[in-house]
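Working notes, structure below.
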Amino acid sequence: MRLLFFVLVVLGGAGLSLQMAWNARLREATGSPILAVLISLCVSLIAVLGIWASGLFSRGSLPRWDAVPAWSWMGGLFAALYLLASLLAIPRYGAAIVISLVVAGQMAAALFLDSTGAFGVHETPLTAARALGAILVVAGVAAMQMK
């Protein structure tokens, strides 16, 4: 089961690169990065609604607004920011540079979340090995930008 989840996450990561390229083309066609993001988010909504309606996963129920921390409702803001930033950066820098910057940002935020347990994330201490891994990711980002 663990291998299946790893494969799904890798496929999701690969999909982010495809999403960037496809959305960049959509931006050219629409003439607006905001409209391209809006279309992308609508397609995402339709896809997720289909999966939700299929019953493959628990359908759950909406909690009361005050039943969870206010910040827990705001995750979609970063999806929109990611889409918009990638749409603006891909034509200028290319997919590899943009993805490497995304990965560096994800790594930095993930290390913060893991080491502090912020927002209910499972707390994992920052070890020398984890710090070295993050440094290597940042070094990779720097190397990707060298001509």
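Residue numbers (the numbering used here): 802 to 948. Ideal placement from N, C-alpha and C gives every residue a C-beta, glycine not left out. Here the structure is a predicted model, which means the values were calculated and not measured.
Cβ neighbour criterion (16 or more within 10 Å) applied to residue i
i: residue 891; result: buried
i: residue 903; result: buried
i: residue 828; result: buried
i: residue 884; result: buried
i: residue 855; result: exposed
i: residue 936; result: exposed
i: residue 899; result: buried
i: residue 901; result: buried
i: residue 821; result: buried
i: residue 947; result: exposed
i: residue 908; result: buried
Where the alpha helix (DSSP H) through residue i begins and ends
i: residue 914; result: 896-917
i: residue 924; result: Neither: residue 924 is in no alpha helix (DSSP H) and is coded neither H nor E.
i: residue 946; result: Unbroken run through residue 946: none, as it is neither H nor E.
i: residue 818; result: 803-831
Rounded Cβ spacing between residue i and residue j (contact assumed at less than 8 Å)
i: residue 896; j: residue 818; result: 5 Å
i: residue 920; j: residue 872; result: 7 Å
i: residue 805; j: residue 837; result: No, residue 805 and residue 837 are not in contact; Cβ-Cβ is about 32 Å, not under 8 Å.
i: residue 860; j: residue 853; result: 6 Å
i: residue 824; j: residue 841; result: 5 Å
i: residue 928; j: residue 915; result: About 10 Å; that fails the 8 Å criterion.
Q) Can you give, in chain order, each stretch of the beta strand (DSSP E) that sits fully within the stretch 843-878 and has at least 3 residues? A) Listed in chain order, nothing qualifies, since the stretch 843-878 has no complete beta strand (DSSP E) run of 3 or more residues.
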